[in-house]
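Student:
In mature numbering (1 follows the signal peptide of the UniProt record, and there is no 0), the protein residues as written are -16 to -1, 1 to 273.
#1: For residue 243, count the other beta carbons within 10 Å of its own beta carbon; 16 or more makes it buried, fewer makes it exposed. Which is it?
#2: Comparing C-alpha positions only, which one of 205, 56, 217, 129 sits nearest to residue 229?
#3: Measure how close the beta-carbons of residue 109 and residue 26 come, nearest whole angstrom, since I'm counting them as under 8 Å.
#4: Quick one: residues in its chain with C-beta nearer than 8 Å to the C-beta of residue 102, no 5 flanking neighbours on either side, listed in chain order?
#5: Distance check for residue 187 and residue 148, CA to CA, integer angstroms please.
#6: On a CA-only basis, which of 141, 171, 246, 140 is nearest residue 185? Give me that one, please.
#7: Could you check how far apart the C-beta atoms of residue 189 and residue 220 are, in whole angstroms? I think they sit under 8 Å.
#8: Hey, how far is the Cα of residue 212 from the Cα of residue 121?
#9: Report all residues from its chain with a CB closer than 6 Å to the CB of residue 67; omit the five preceding and five following residues, and keep chain order.
#10: Starting from residue 202, follow its DSSP beta bridges and name the residues at the other end.
#11: What three-state label does DSSP hand residue 2 in the structure shown?
#12: Any contact between the segment 77 to 85 and the segment 42 to 50? By contact I mean 3 or more CB pairs, one from each, below 8 Å.
#13: In this structure, what does DSSP give as the bridge partners for residue 35?
#14: Would you tell me roughly how many angstroms separate the C-alpha atoms of residue 163 and residue 137, rounded to the nearest one?
#15: Does the distance from the C-beta atom of residue 178 to that of residue 232 stay below 8 Å?
#16: What do you reckon, are the CB atoms on residue 23 and residue 113 nearer than 8 Å?
#17: Please state whether DSSP places residue 85 in a helix, a strand or coil.
#18: Is it right to say residue 6 is buried, meaning 16 or more other beta carbons lie within 10 angstroms of its own, or is it exposed?
#19: Do residue 35 and residue 111 have their C-beta atoms within less than 8 Å of each other?
#20: Taking the C-alpha atoms as reference points, what is the distance between residue 71 and residue 125?
#21: Thinking residue 115 and residue 18 are a contact (beta carbons under 8 Å), I'd like their distance in whole angstroms, please.
#22: Are residue 241 and residue 169 close, meaning C-beta to C-beta below 8 Å?
#23: Can you list, in chain order, the residues of its chain with a C-beta nearer than 8 Å to that of residue 2? Leave out the 5 residues immediately preceding and following it.
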């Protein structure tokens, strides 16, 4: 008898329905691993609706309920909504989709008399979804992809910072050279530099404290404009080359700058003129847009 009892107990345990574990955020919102051979318990009260969310892409094809008269069952895409019509409506439910089959044991719990908080009972299941075997792989792949993207962003940021620091160090080294200040400007005063000079390698344009930083273009001999690389230090824009003519643009505002001390040989006399006693100063343009 003892041996038979153990065998009977084993069979009973093997066929027990699976009760979804309490949810982490709300015990009534639950997730259970999908297993085709399992029966999943759904606990509810009379008058309470339960939502079942199936896998993305699944479409419900057939529904079989042991007591269909005692339950309202509505399927929309991969979602089902269940609600008991009677207080004693325990039964079973089978759902067939285009991908899987599901078996449920529907249990209507007795509603606590004179209870105002019964709807918060943790044994109720308001919503149920499934964790599918491929979900773990997808989650791992998504995590690896996110980590790779994050590493790529970090590397790009490190390279950007290193490049910016390299330029800054180079600028510090060349800024001490002989200065050419023979720059002349015409155009909109709001984006006209208050000072312009070069050291034979880089061009420096200093703007007023309230002036916007314009884009800088090289104006070629045939009047074609090409955007130049710049670096900003405070209110000074460093153009990473020398140019005979520059065009500054900010919206519709335009300023033309001529470097009259321009020399393809490199640095020019400090004053920018033929006399060390004479130094050029910048001429601001008008306020026309």
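Every residue, glycine too, gets a C-beta built ideally from N, C-alpha and C. What you are looking at is a predicted structure, and each value in this text was computed from that prediction instead of being measured.
Tutor: According to the structure data:
#1: buried
#2: 205
#3: 5 Å
#4: 29, 95, 96
#5: Roughly 17 Å between the two C-alpha positions.
#6: 246
#7: In this structure, residue 189 and residue 220 form a Cβ contact; the two beta carbons are roughly 7 Å apart against a cut-off of 8 Å.
#8: 48 Å
#9: Here residue 67 has 33, 56 as same chain residues with Cβ atoms under 6 Å from its own Cβ, once five neighbours each way along the sequence are excluded.
#10: 210, 230
#11: strand
#12: yes
#13: 65, 111
#14: Their backbone Cα atoms lie some 39 Å apart in a straight line.
#15: no
#16: Contact: no.
#17: strand
#18: exposed
#19: Judged by their CB atoms, residue 35 and residue 111 are nearer to each other than the 8 Å cut-off.
#20: 46 Å
#21: 7 Å
#22: Judged by beta-carbon spacing, residue 169 lies within the 8 Å limit of residue 241, meaning their Cβ atoms are closer than that value.
#23: 16, 19, 22, 23, 24, 25
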